[in-house]
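Numbering (our numbering), first residue to last: 14 to 166.
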C-alpha cells in the first residue's frame with residue numbers, strides 16, 4: 014500500500030503540470046469570451062493535484078518507515094562451506110572474499126546457503142548447530158541470509 018501511495022503521489026505531482034496546461038488550454042478561451050471567473054480554474058486544478066500528490070506521497074513514505082529487523086533462530090546440520098572471491102574491476106584487482114555455509118534446516122528437505130561473518134567460528138561438517146540469523150525470506154532487501162551467532166543446541 015505504501016508503494017502505491019508513493020507512486021500515486023509522484024504521478025499526481027508530475028501530471029499536475031499537464032493538468033494545468035490542459036485546463037489552461039480549455040478554459041482560457043472561455044475566460045476571454047465570458048467573465049474572468051474561468052481564468053482561476055487552471056490554477057485551482059494544478060493546486061489540487063499538487064496538494065493531493067504531496068499528501069499521498071507523504072502518507073506513503075510515513076507508512077514505509079523502516080522497522081528494525083528481528084533475528085530469527087533455527088537449528089540445522091552443516092553440509093559444507095563455499096568460498097567466494099567476489100572480485101570486481103578489471104583483472105580482479107579489488108577482491109573481497111567471503112564464505113557461505115550450506116545448511117540443511119530441521120524439518121526441511123532443502124538446504125540453504127547462508128553467509129556468516131569472519132569473527133564467527135567455523136563448525137565441523139555434519140554437526141548439528143543452532144544459530145540466530147537475519148532471514149532473507151523475511152527481509153527481501155538482504156542479498157542473502159546472514160548468520161550472526163552460534164547458540165547452544
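Beta carbons are placed, not taken as given, at the ideal position from N, Cα and C, and that holds for glycine.
Close beta carbons around residue i, own chain, < 7 Å, minus the five adjacent residues each side
i: residue 25; result: 62, 65, 66 and 69
i: residue 166; result: 88, 141, 142 and 143
i: residue 117; result: 89, 90, 92 and 124
i: residue 15; result: 73, 76 and 77
Cβ pair residue i, residue j closer than 8 Å
i: residue 19; j: residue 59; result: no
i: residue 145; j: residue 84; result: yes
i: residue 6; j: residue 131; result: In the structure displayed, the chain extends from 14 to 166; residue 6 sits before or after that span and is not available.
beta-carbon residue i near the ligand MN non-hydrogen atom, thresh 7 Å
i: residue 140; result: No copy of the ligand MN appears in this structure; indeed no ligand is present at all.
Distance between residue j and residue i (C-alpha atoms, nearest Å)
i: residue 218; j: residue 142; result: There is no way to answer for residue 218, as the model of the chain reaches only from 14 to 166.
i: residue 156; j: residue 127; result: 10 Å
i: residue 54; j: residue 27; result: 18 Å
i: residue 99; j: residue 111; result: 7 Å
i: residue 150; j: residue 80; result: 16 Å
i: residue 164; j: residue 103; result: 41 Å
i: residue 138; j: residue 71; result: 51 Å
i: residue 56; j: residue 17; result: 26 Å
i: residue 109; j: residue 33; result: 53 Å
Range of the contiguous alpha helix (DSSP H) that encloses residue i
i: residue 74; result: 54-76
Residue i, DSSP secondary structure in three states
i: residue 115; result: strand
i: residue 23; result: helix
i: residue 92; result: strand
Close-in-space but distant-in-sequence residues of the same chain around residue i (CB under 6 Å, 5 per side omitted)
i: residue 115; result: 92, 93, 124 and 126
Extent of the continuous beta strand (DSSP E) to which residue i belongs
i: residue 132; result: Element bounds for residue 132: n/a, residue is neither H nor E.
i: residue 160; result: 159-164
i: residue 103; result: Run containing residue 103: none; DSSP gives neither H nor E here.
i: residue 145; result: 141-147
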